[in-house]
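Notes follow once the structure below has been shown.
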Amino acid sequence: EAGVAQSPRYKIIEKRQSVAFWCNPISGHATLYWYQQILGQGPKLLIQFQNNGVVDDSQLPKDRFSAERLKGVDSTLKIQPAKLEDSAVYLCASSLARGGSSYEQYFGPGTRLTVT
Amino acid sequence: GDSVTQMEGPVTLSEEAFLTINCTYTATGYPSLFWYVQYPGEGLQLLLKATKADDKGSNKGFEATYRKETTSFHLEKGSVQVSDSAVYFCALTPGSGYSTLTFGKGTMLLVSP
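Here it is, written out as structure tokens:
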């Protein structure tokens, strides 16, 4: 089966510009996650969707970050305006369902963002 | 809050050497524990997991045992290969049915022929 798809793979922007990332989860996966992975650190959850509803966005910097998952399939994550500290890899993951550790999360290859 | 601490890398080994990557955690309740691996240029992949105390997860020659008394989940492999070179992440989810992963900082493993 096809894995989690993300685009673009790389993006370079200047600070104060805006940027958007796209994720297509594995078909049939109800839960979708966006993580931020800063160099030298482990991934940190930004937002979690169950179908098209937000389950957890407690660590999303809502003054500049936004995300949506229309129709409960694809998702976009947007940063506006970007700051230097937003330079990171943005990972998308999906799982069959939300509850329980038995639902493995499958990760996409990530989008590497560089803010100059 | 929950947290995961891993040994710092890089860990540099020769092929066929024994591997241990230490991982300890802090969590309330009964978390589930995971090891993920990230090969160069690829996304994270689940390597193994354990969902309750004394469980042993294993996959591809790697294994880790959930030790509640020492709050540890150390990753081991008896004989590493060059192809095992990657970054390894220890992670946990709360034991309350939620699936949010909390990751450690990752440990890079470099295996030379």
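Taken in order, these protein sequences are the chains called A and E. Residue 40 in the numbering used here is what sits at position 42 of the first sequence, and the numbering runs on without skipping anything. Residue 383 in the numbering used here is what sits at position 40 of the second sequence, and the numbering runs on without skipping anything. Every residue, glycine too, gets a C-beta built ideally from N, C-alpha and C.
- Cβ-Cβ separation between residue 41/A and residue 34/A: approximately 7 Å, consistent with a contact (criterion under 8 Å).
- Residue 372/E has its alpha-carbon roughly 19 Å from the corresponding atom of residue 101/A.
- When C-beta distances to chain E are compared with 9 Å, the residues of the segment 12 to 32 of chain A below that value are 29 and 31, in chain order.
- With contacts defined by Cβ atoms closer than 9 Å, residue 400/E and residue 408/E form a contacting pair.
- When the alpha-carbon of residue 70/A is set against those of 57/A, 46/A, 82/A and 76/A, the nearest one is in 46/A.
- When the Cα atoms are used, residue 73/A and residue 349/E turn out to be separated by approximately 32 Å.
- For residue 443/E, the chain A residues whose Cβ falls inside 7 Å of its Cβ are 43, 46 and 54, in order along the chain.
- For residue 20/A, the CB contacts under 6 Å within the same chain, skipping 5 residues up- and downstream, are 5 and 74 in chain order.
- DSSP, reduced to helix, strand and coil, places residue 83/A within a helical segment of the structure shown.
- When the Cα atoms are used, residue 82/A and residue 114/A turn out to be separated by approximately 6 Å.
- Under the criterion of beta carbons closer than 8 Å, residue 386/E and residue 89/A qualify as touching, at roughly 7 Å.
- In this structure residue 86/A is in contact with residue 36/A, their Cβ atoms being roughly 5 Å apart against a cut-off of 8 Å.
- DSSP lists 77/A as the bridge partner or partners of residue 63/A.
- Contact annotation for residue 447/E against chain A: 40 [CB-CB distance below 7 Å, chain order].
- Nearest CB-CB separation between residue 91/A and chain E: below the 9 Å threshold.
- The shortest C-alpha to C-alpha distance from residue 453/E to any of 346/E, 354/E and 347/E is the one to 354/E.
- At a cut-off of 3 residues, the continuous stretches assigned as beta strand (DSSP E) that sit fully inside the segment 382 to 424 of chain E are 387 to 393, 399 to 402, 405 to 408 and 418 to 420.
- For residue 11/A and residue 76/A, the gap between their C-alpha atoms comes out near 13 Å.
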